[in-house]
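To start, the structure under review is shown below, and the notes come after it.
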Amino acid sequence: MKKIFFTAILVLAFTGIVSAQERYTVESVTGRVEQEANGKRVEVKAGDVLDEQTVIHTGLGASVTVRSGNQNFIIRAMSNGTVKDLSAEAIASGLRISGKVAETDTGSVSRTAGKISTASARASDAAEEYPVTEE
């Protein structure tokens, strides 16, 4: 009876540890990005869900954007390691994508309140001052 009780406690503890691992969702992939699965390298695609201990490899000129909770991280080219370690490096280097962008009114930005001379305005004024005559 003690063995069964002890085994049940171990199983519950192990289940809690496994379920506590963070999951990462692949948002986008650029270039060649692979993960190690069963000793083989498998291509990573957008929408894949990776465990924090999954080892990924990014090739030359490749990058992968992964989401963990409400944060996105970019893992740069020529990176090798676990998703957890590489996302920690991305946080430390400041490579983070914010999901919220405020819309701005750009209609009034290009207009100016005062008279400002531009090259085209000066050229048109000069043409009026110095008439061009053809011979």
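Just so it is clear: in the sequence shown, position 17 is 17 by UniProt numbering, and no numbers are missing.
Just so you know, even glycine gets a beta-carbon here, dropped at the ideal spot from N, CA and C.
The structure presented is a predicted model; accordingly, all values stated were derived computationally and were not measured.
Which residue's Cα is closest to the Cα of residue i: the options?
{"i": "Asp51", "options": "Thr7, Lys3, Ile4 and Thr25", "result": "Thr25"}
{"i": "Val42", "options": "Gln71, Ile75, Ile56 and Gly31", "result": "Ile56"}
{"i": "Lys45", "options": "Ser28, Ser87, Phe73 and Glu89", "result": "Ser28"}
{"i": "Asn38", "options": "Gly61, Thr54 and Gly47", "result": "Thr54"}
{"i": "Ser79", "options": "Arg67, Glu89, Lys2 and Glu22", "result": "Glu89"}
Based on DSSP bridge pairs, tell me the residues matched to residue i.
{"i": "Ile4", "result": "DSSP output for Ile4 lists no bridge partner at all."}
Does DSSP classify residue i as helix, strand or coil?
{"i": "Glu89", "result": "helix"}
{"i": "Glu34", "result": "strand"}
{"i": "Glu27", "result": "strand"}
{"i": "Glu22", "result": "coil"}
Enumerated in chain order, which unbroken segments of the beta strand (DSSP E) with a length of 3 residues or greater are wholly contained in the stretch 38-87? Note on the stretch 38-87: whole beta strand (DSSP E) runs with a minimum of 3 residues are 40-43, 49-51, 55-58, 63-68, 71-75 and 80-82, in chain order.
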